[in-house]
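Below is one structure, written out as structure tokens; comments come after it.
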């Protein structure tokens, strides 16, 4: 698996000692507010999720990176690429996403990690297009999406939870790495 260094972050594979800090992030209602039905996740669910994320690397050649602060070695969340199978109308597609602990919000980490992920999608994986799917009203994610140069492509409804979603896209041939 690829490792990516940015000025402040290391995007890397998952380690066993990432489970507890990622579970803490998933247990924060502020973090989970805009994800699925807004429910927090426990340690077992987080372990299952990390296992699925690692499998996607093997199956697709991309996946979700663990994001670590270079200065401290602390896990702050994830960013990466995945196949958004939950939303069949956008398939085939590759989506970028991120989730950071709330103590790491408003410091530019999500944008820094996501920008590096788009470079990876273009330069290392040769993808032509990447989408981002966010819940309408999640202004923090919308801000990151705009900083990446992604543009709204369509609005739709989550097929399970029924709330409005906005799909953004970026043609990576136009992306300024």
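Residue numbers (the UniProt record's numbering): 1 to 177.
C-beta: ideal position from N, C-alpha, C; glycine also.
Terminal residues of the continuous beta strand (DSSP E) containing residue 79?
-> Residues 75-82.
Could you name the residues of the same chain whose beta carbon sits closer than 7 angstroms to that of residue 10, not counting the 5 residues immediately before and after it, in chain order?
-> Excluding sequence neighbours, residue 10 sits near 3, 68 and 70.
Anticipated Cβ contact below 8 angstroms, residue 95 with residue 133, distance rounded = Yes, they are in contact, since the Cβ atoms of residue 95 and residue 133 sit about 6 angstroms apart, within 8 angstroms.
Are residue 86 and residue 29 close, meaning C-beta to C-beta below 8 angstroms?
-> In this structure, residue 86 lies away from residue 29, with their beta-carbon atoms at least 8 angstroms apart.
Of the residues 53, 59 and 109, which one's Cα is nearest the Cα of residue 74?
-> Of 53, 59 and 109, the residue nearest in Cα terms is 109.
Between residue 14 and residue 66, which are expected to be in contact by the criterion C-beta below 8 angstroms, what is the C-beta distance as a whole number of angstroms?
-> That belief holds up - the Cβ atoms of residue 14 and residue 66 are roughly 5 angstroms apart, short of 8 angstroms.
Close beta carbons around residue 18, own chain, < 6 angstroms, minus the five adjacent residues each side | The answer, listed in chain order, is 66 and 75.
Can you grab the Cα-Cα spacing for the pair residue 148 / residue 167, in whole Å?
-> About 14 angstroms.
From 22, 57, 117 and 64, pick the residue whose C-alpha is nearest to that of residue 41; which is it?
-> Residue 22 is the option with its Cα nearest to residue 41.
Completely contained alpha helix (DSSP H) runs for the UniProt domain "N-acetyltransferase" (9-166), where each covers 4 or more residues = Taken in chain order, the unbroken stretches of alpha helix (DSSP H) that lie wholly in the UniProt domain "N-acetyltransferase" (9-166) and span 4 residues or more are 19-26, 29-32, 43-60, 109-119 and 139-147.
Taking C-alpha atoms, which residue in 173, 34, 5 and 91 lies nearest to residue 150?
-> Out of 173, 34, 5 and 91, 173 has the C-alpha closest to the C-alpha of residue 150.
Report the residue from 125, 80 and 121 whose alpha carbon sits nearest the alpha carbon of residue 99.
-> The option with the nearest alpha carbon to residue 99 is 80.
Tell whether a beta-carbon distance below 8 angstroms holds between residue 165 and residue 155.
-> For residue 165 and residue 155, yes; Cβs fall inside 8 angstroms.
Length of the line joining the Cα atoms of residue 101 and residue 49 = Going from the Cα of residue 101 to the Cα of residue 49 covers about 16 angstroms.
Is it buried or exposed for residue 143, if we count other Cβ within 10 angstroms and need 16 for buried?
-> Residue 143 comes out exposed.
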